[in-house]
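Engineer:
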Amino acid sequence: MSEMSKIVRTIAAIVFPFIMIYGLYVIAHGHLTPGGGFQGGAIVASACALLLVAYGSMWTMRRIGEKRLSVFESIGAFFFIALALLGLFFGAVFFNNFLAGSSFLFGDIPMVGSNTGDMNTGGVLPLMNFAVGIKVVAGLFVIILVMAYASNHMEKKRGEKQG
Amino acid sequence: MSRRDMFAVVFFSIVCMFFIFSALLMHPFGSPDETDMDDMIIKNTQRETGANNGVTSVVFDYRGFDTLGEATILFTAVAGVVLLFRRMKET
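Quick mapping for you: the protein sequence lines, in order, are chains A and B.
Counting from 1442, one number per residue, gives the positions in the first sequence under the working numbering.
Counting from 12, one number per residue, gives the positions in the second sequence under the working numbering.
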C-alpha cells in the first residue's frame, strides 16, 4: 500500500488519537463496562491500521517495525501467564484471583447488585486485561503490517520485471 | 440427470431433513435450559472476583484456561505470519 493523498493523511492524523483513547478506555474499564482486553485491543489495532492505510506500509514499517511489535506481543503473553502462575503461588490454583479481597492494588470488593463502579476493584482482572490488550494490539497490527509490506514489495518487484 | 446430480440431490435432501428435524427439536425462543451454573456465576461474581462485568470475570477468572488457549492461538498466528513473510523483507 502506497501513501494516500494529503487530505486523507491529515484526517487520519486528526482521528487517530480519538480512536486510540476510546480503545484504551475500553481496555482500562474492562472489569466495569462491556468490553475488555480483546475488544479494546482490536479497536486500537484498527486505529493503527488506519495509519497504515493512510501513510503507506513503507512509512509505518520504518517508524514502528515488526520486530518491536513482536517483542510487545511476547511481553503481553509473558505477563498474562506470569499473573496466572502467581495465582498458583499465592492462591491455590492456576488463574486464582489472588488480589481480589486483599487491601492491595485493585483489591476492593464492590457492593453486590448494581453500583456506580469503582476502578479499584476486580483483583487481577484489570492487569490481565492490560496484558491481553498489549498482546492483541501488537499481534493484530503485526499481521496486517507484514502482509501489507509484503504485497507492496511484490507489486514493486512485478513492476520492475515488466518495466 | 446424471448419476452425479442424483447423488447431489439425495445428499442435499438428507442434510436438509437433518437440519429441519434439529430445528423442530429446539427450545422455544427466550426460554433456555435452567442450569445451576449461570445462577451461581450471576450471584457470586461480584463477591468473589470483585468485578462488575460478569463476562470479564468469566473470561479471565472462571474460564481462564480458555483465554490462555485464545492467546496461544494469536501467538501462533503471529509467529507463522512473521516467519512466512520474513524472506520478503530481505530479498
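Each residue gets a CB set at the ideal place from its N, CA and C atoms; glycine is no exception.
Predicted model only: the values in this text are computed from it and were never measured.
Taking a contact to mean a Cβ-Cβ separation below 7 Å, would you say ILE1575/A touches GLY1517/A in this structure?
Structural biologist: Yes.
Engineer: Anything in chain A within Cβ reach of ASP49/B, meaning under 9 Å, just list it in chain order.
Structural biologist: Neighbours of ASP49/B on chain A: none; closest Cβ ~16 Å, over 9 Å.
Engineer: What does THR87/B touch in chain A if you count any residue whose Cβ is under 9 Å from its own?
Structural biologist: Within chain A, no residue comes near THR87/B; the closest Cβ sits about 10 Å away, beyond 9 Å.
Engineer: Along the chain, where does the alpha helix (DSSP H) that runs through ASP77/B open and close?
Structural biologist: Residues 75 to 95.
Engineer: Taking its Cβ as the centre, do 16 or more other Cβ atoms sit within 10 Å of ALA1454/A, making it buried, or is it exposed?
Structural biologist: Under this definition ALA1454/A is an exposed residue.
Engineer: Do the stretch 1518 to 1535 of chain A and the stretch 67 to 83 of chain B touch if we need at least three Cβ pairs shorter than 8 Å?
Structural biologist: The stretch 1518 to 1535 of chain A vs the stretch 67 to 83 of chain B: in contact.
Engineer: May I ask you to list the residues that DSSP assigns as paired with PHE16/B?
Structural biologist: Per the sequence presented here, residue 16/B reads as Asp, with Phe not at that position. ASP16/B is not bridged to any residue.
Engineer: Taking one C-beta from the stretch 37 to 54 of chain B and one from the stretch 1485 to 1496 of chain A each time, how about it: are there three or more such pairs within less than 8 Å?
Structural biologist: No: fewer than three Cβ pairs fall under 8 Å.
Engineer: Classify ILE1468/A as buried or exposed, calling it buried when 16 or more other Cβ atoms lie within 10 Å of its own Cβ.
Structural biologist: Looking at its Cβ environment, which holds 16 or more other Cβ atoms inside 10 Å, ILE1468/A is buried.
Engineer: So who's on the other strand from THR1562/A, going by DSSP bridges?
Structural biologist: DSSP, once it has assigned bridges, lists ASP1549/A as partnering THR1562/A.
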